[in-house]
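To start, the structure itself, in C-alpha cells.
Chains as they are written, first to last, in my numbering: chain R, 12 to 305; chain A, 256 to 646.
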C-alpha cells in the first residue's frame, strides 16, 4: 500500500492500520492527512522513517481539527480545493477529551473535512489510561481494579450524539472488524460538503488484553453484542444501521479481554455486567439493531 | 496617503495590502478592533483569495494558521495577554515546524490579577519560543513593520513566526496620522509567498515528524541557526524599507546621542517617545545622556548593544516587564550583551498593568542615577505604598 507503507511500528493485530489503510484506499492518495499526537502518530511518523505516502502533518495532541480546517481554508484561498480531501486521524482521547473544544468549533463552523476518530477506548500510547471514550467497567491504569473500585465507573461519552447535535452533514460509526463498512462510509462521507465525523472502533491488543488475532474478533463482538452499534446519520437523521442477526450476550465480548476480566470476580462486577447488557439492549432498541424474526 | 487613523486600523490596512490567504482570530481586548477591521474588509470583498475564520479560541486560531501555513498560505492573526499564552503551545510548535506566521501582539498584562492594560509581560513570556519579536514605538512604525515582517519571516533563510509587538491601548486605541500604504506600493515591495516546502498531493511530505534523541537536537540547532541568519535578513529588509519609503526606523536598535554620552537609557515600545522627550530636555541643560530604542528583541542584537554602549558609563534600562525571581527581562539581556564591559547597569520596571508613567518619574529615574543617588540593581518605580495581605 503506497499511501501507508509497511514497516510502521504498530503492534501485530492493531486496529489502527486496518482503519487507516481502508480510509486511504477510498481516498486514493488524493488527501491531506492531519494526525493528532498518539499511537498512530508514533508508529508512523518518526523523522526519516515516515510511513505516509500522502501529505501528512502532525502538530499537537489537541489541535488536529483546527489544523485540518486551516489546510482546507488554504486550499480554498489558493484555488487548490480539487487537489484532495482533508482527513483527520485522531485517537479517542484527542477527540473526546483534550481536543474536544477545538473539534466542537470545527464542527460548528462546518469546515469541509473528514474527521476520523480511531476509538481504541483509552490512552493506549501512554500505556492504557482512561479517556472519555473508555467504557464502563474497563480496568485501566488510572481506573484500576481494587477492593473499592471495579474499573471505570461511568460509560463512554456519547460522541456520536454530540457530533449529530452540531448539525454537521454526516456522522457515522464503524469498526476495524468490518473493513468493507469503513470503505463504504468514507465513500458516503465524500458526497457531503462540510464536517464529516466517523468514529471507528479500533482494537488495541495490548490495552484490551487480547492476542494478535483477538483484536478483530473483539471488534466484531462489540458490534454483534450491540455495545458498539454501527450507525449513520445524515443531517441529524438516522439513515442506516448495521442489523444484528443473533445478538450475543455482552459476557461473550467481555470475557475474552483482560480489561474486563475482573468483572467476573469482583463483588461489583455482576452489577456492572448487567448495566453493560442494559446499555447494549438500549442501543438495540434506540437504533433498531435486531433483525425481527418472521 | 496620510490619514488620521487608530492603531487598529493602521495594522488592518497594512495586513490587507500584504494579501493574506488565511486570517483566523479570536476577540481579546485591546486587540479586537484589528480583527474587526479585517472582518469588515472581508465582508466588503476587499480581501481577495482570502478565507477569514472566526475561531472559538486563540488556541484554535493559531492551530488553523499552522495548517494553512503548512499548506502554503500567507497567514495572519492578532492577539495578546491570555490569548497569546493560550496560543503559546501552538506558536512554539509553529516555530519548530518553521512556519512563517505573522501575528500582532497588542501588549497587555497577564492575570492574576486580571488586567486589560498595557505592559510587556505577555510577549516576554514567549521570549524563548523561536519567534522573532520586534517592538514598535508608534502606529506608523506598526503600519510599516507588517509588510517587512512578512518579507523577513518568509525569507527561505529564516522561515520563523514573526510577532509585531505594539503597546495595547497606548498605540492600538490612539489616533495618529499614518501614511497609509497603497496596494501598488506593497505589491512592489512584497512578493507572493513561495514556500520552500508545503503540503501538496503532488509531492507528499511529512510535517511534524517526531524526533528521537539521535536527531532532535539538530532540529533545535537549526532553529537557532535560523534566528542567527535572521539578524542579517532583518537588517537588510529594514534598510530596503527605509530606501523604498524614505521612512528610516533604523536597524535592530536606534541609538540616539550615545556617542560621548555618560549615561544612556534603554527602552522598548511606546514609552520611547516620552523618554526621548525627557532626554532632549536634559541634553539642552548640557547633560550627557543618550537613548537606545530597542526594536528587535529576538534575535537579540548583542553586538549592536555592545558597540553602542561600550563607552557609556551608566546604562539605565526602563521596561514594562519582570521575570519574577530575577529582574526585568530587557535588563537581563542587556547585561548579557555588555558582559565583560565596565558599564554600570540600573534596571527599572515601570508601568505594569497600565500604570501611568508620568514624565516626572522618568526625570526622577535618570536624575537619581546620574547623581549617584541609587546603587546598581533592580527597582520597581511608580509603586504606591501598600501592605501585603500575605503573609
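Each residue gets a CB set at the ideal place from its N, CA and C atoms; glycine is no exception.
- Taking a cut-off of 8 Å on C-beta distances, the stretch 272-281 of chain R touches the stretch 160-170 of chain R, as three or more cross pairs fall below it.
- Among the bridge pairs identified by DSSP, residue 287/R is matched with none.
- Residue contact check for residue 285/A against chain R: no CB pair falls below 9 Å.
- For residue 536/A, DSSP assigns no beta-bridge partner whatsoever.
- Residue 382/A: not part of any beta strand (DSSP E); DSSP gives it neither H nor E.
- In chain order, 272, 273 and 402 place their CB closer than 7 Å to the CB of residue 441/A, counting only its own chain and leaving out the 5 sequence neighbours on each side.
- Using a CB distance below 7 Å, no part of the stretch 330-342 of chain A faces chain R.
- For residue 432/A, the enclosing beta strand (DSSP E) starts and ends at 430-434.
- At a Cβ-Cβ threshold of 9 Å, residue 603/A and residue 560/A do not count as neighbours.
- In the three-state DSSP reduction, residue 267/R falls in the coil class, being neither helix nor strand.
- Ranked by Cα distance from residue 463/A, the first of 176/R, 60/R and 175/R is 60/R.
- In the three-state scheme derived from DSSP, where H, G and I count as helix and E and B as strand, residue 28/R is classed as helix.
- Interface with chain R (9 Å Cβ-Cβ cutoff): residue 305/A is included.
- The beta-carbon distance between residue 131/R and residue 26/R, rounded to whole angstroms, is 7 Å. This is short enough to meet the 8 Å contact definition.
- Any Cβ of chain A closer than 9 Å to the Cβ of residue 16/R would place that residue at the interface, and such an atom is absent.
- Around the beta carbon of residue 169/R, fewer than 16 other beta carbons lie within 10 angstroms, which makes this residue exposed.
- Only residues of its own chain outside the window of five on either side were considered, and among them 519, 545, 546, 547, 563, 564 and 567 have a CB closer than 8 Å to the CB of residue 513/A, listed in chain order.
- For the alpha helix (DSSP H) assignment, the uninterrupted runs of no fewer than 4 residues enclosed by the stretch 257-297 of chain A are, from N- to C-terminal side, 262-272.
- Bridge pairing for residue 360/A: 334/A and 420/A [DSSP].
- Per DSSP, the continuous beta strand (DSSP E) segment holding residue 126/R begins and ends at 125-130.
- By the C-beta criterion, the stretch 364-382 of chain A is judged to be in contact with the stretch 324-341 of chain A, since at least 3 inter-stretch pairs fall below 8 Å.
- Per DSSP, the beta bridge partners of residue 57/R are 465/A.
- Residues 276 and 277 of the same chain have their beta carbon placed closer than 7 Å to that of residue 328/A, with the five preceding and five following residues left out of the count.
- For a Cβ distance threshold of 7 Å, residue set 85, 88 and 89 of chain R lies close to residue 276/A, ordered along the chain.
- In its chain, beyond the 5 residues on either side, 274 and 276 have a beta carbon closer than 8 Å to the beta carbon of residue 304/A.
- Between residue 374/A and residue 609/A, the C-beta gap is smaller than 9 Å, which places the two residues in contact.
- Between residue 79/R and residue 99/R the beta-carbon gap is near 5 Å, inside 8 Å, which marks them as a contact.
- In the structure shown, residue 245/R falls within a strand segment according to DSSP collapsed to helix, strand and coil.
- Under DSSP, residue 98/R forms a beta bridge with 44/R and 125/R.
- Per DSSP, the unbroken alpha helix (DSSP H) holding residue 408/A starts and ends at 394-408.
- Below the 9 Å Cβ cutoff, chain A contributes no neighbours of residue 225/R, its closest Cβ being approximately 29 Å away.
- Boundaries of the beta strand (DSSP E) harbouring residue 546/A: 544-549, taken from the DSSP string.
- Annotation for residue 614/A: 529 and 533 place their beta carbon closer than 7 Å to its own, counting only its chain and skipping 5 residues before and after.
- Going by DSSP, residue 495/A is part of the alpha helix (DSSP H) stretching over 471-500.
- Shown here, residue 411/A sits in coil according to DSSP, grouped into three states, outside any helix or strand.
- Taking 9 Å as the threshold, the shortest C-beta distance from residue 205/R to chain A does not fall below it.
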